[in-house]
DNA sequence: CACAATTCAATTGCCCACAACTTATCCGCG
DNA sequence: CGCGGATAAGTTGTGGGCAATTGAATTGTG
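Protein chains in written order, with the working numbering: chain A, 1 to 144; chain B, 1001 to 1144.
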């Protein structure tokens, strides 16, 4: 018996722990904006390009309508977003930013620095981590 | 303006995505055991050493009683675990494995290989990833 | 000894993740 | 044209995470 399985359990657990630790660092900052971390991710996508359909958002973030529909309703009730049924295709709901939603982008701009500061890694290590995680995620998705 | 903030958003999102992708790979295998991923983590800790108090489990896994109490009740109703109020300190609840809980360890032994196979990374890369994630998590926790 | 502060587990309430299902719309093909 | 399958979004139900609170037991201190 080698200890390989044990190492792998730790890689998986390490991912799970690191991810929760990262969102915990974001939490107090996002609290000031009144956003949760997944809501912040949705806003990031919209700040890049809007309007977007629910399905498009889901493809970017890897989330389904079961997660996004209520989340988007909350963003709408916060006044950051508007959901409009598409005229051309009545099945689609286009998510538009409101003026308040667009404004929030400014306040959010300083946020990512927090993680960089808290990470305790060099820029090279962060870059390599990003690269490895990207390949890992792609491989996991392709493994059925 | 550099694109550093953008890179960092991506590192954070990459962690979140990779973690979900990893648990998605585990899900079908764990389904056969009737466990969720966090339940599996609790069982892993118990297989190493039991009985354990709720707080001890929480420290190993970084979870609080709000998460663990209902999870442990589910494990108990599955017949894998028993919760016994400690005699010496009536505040504590000791989590014991049942015979069925101990048996499950055998079936679970082959699981970690799945992630290794699905990961598409070399053992060296996995090792380095594990190391980087460990340091990252520690730094994030120390950053208040 | 007595009382205040601490500790442990559980509970409540909110939000996310995801499977399974529903409803409405669209599109293609006979 | 009309119908059958595909597609978009929403709903329901289960199980995490996590903050805040509660209640019970223990510990520390005067």
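Yeah, the Cβ is synthetic: ideal placement off N, Cα and C, and Gly gets one too. As the structure is a computational prediction, the values presented were derived from the model and not from experiment.
Backbone CA spacing between residue i and residue j [nearest angstrom]
i                       : j                       : result
residue 49 of chain A   : residue 98 of chain A   : 13 Å
residue 1068 of chain B : residue 88 of chain A   : 48 Å
residue 1014 of chain B : residue 85 of chain A   : 31 Å
residue 1044 of chain B : residue 1134 of chain B : 18 Å
residue 107 of chain A  : residue 53 of chain A   : 25 Å
residue 130 of chain A  : residue 1010 of chain B : 7 Å
residue 1102 of chain B : residue 1082 of chain B : 12 Å
residue 1019 of chain B : residue 90 of chain A   : 35 Å
residue 25 of chain A   : residue 34 of chain A   : 15 Å
residue 1071 of chain B : residue 1077 of chain B : 10 Å
residue 1027 of chain B : residue 28 of chain A   : 31 Å
residue 42 of chain A   : residue 1120 of chain B : 29 Å
residue 36 of chain A   : residue 1118 of chain B : 31 Å
residue 63 of chain A   : residue 1104 of chain B : 32 Å
residue 1073 of chain B : residue 1144 of chain B : 32 Å
residue 57 of chain A   : residue 1092 of chain B : 45 Å
residue 46 of chain A   : residue 65 of chain A   : 16 Å
residue 59 of chain A   : residue 30 of chain A   : 23 Å
residue 55 of chain A   : residue 1139 of chain B : 36 Å
residue 1032 of chain B : residue 132 of chain A  : 30 Å
residue 1040 of chain B : residue 1023 of chain B : 11 Å
Cβ separation of residue i and residue j, assumed to be a contact under 8 Å, to the nearest whole Å
i                       : j                       : result
residue 1141 of chain B : residue 21 of chain A   : 6 Å
residue 17 of chain A   : residue 1122 of chain B : Rounded, the Cβ-Cβ distance is 22 Å, inconsistent with contact.
residue 1061 of chain B : residue 12 of chain A   : Actually they do not touch by this definition, with Cβ atoms about 13 Å apart.
residue 100 of chain A  : residue 75 of chain A   : No, residue 100 of chain A and residue 75 of chain A are not in contact; Cβ-Cβ is about 11 Å, not under 8 Å.
residue 94 of chain A   : residue 38 of chain A   : Not confirmed; about 20 Å, so no contact.
Cross-strand partners of residue i (DSSP beta bridge)
i                       : result
residue 1053 of chain B : B:1094
residue 1082 of chain B : B:1096
(message) Three or more C-beta pairs under 8 Å: does that hold for the region 1126-1133 of chain B against the region 94-111 of chain A?
(response) At 8 Å Cβ cutoff, the stretches do not touch.
(request) Could you name each continuous alpha helix (DSSP H) segment of 4 residues or more that falls completely within the region 1119-1143 of chain B, going from the start of the chain to the end? (result) If you keep only unbroken alpha helix (DSSP H) runs of at least 4 residues inside the region 1119-1143 of chain B, you get 1123-1142.
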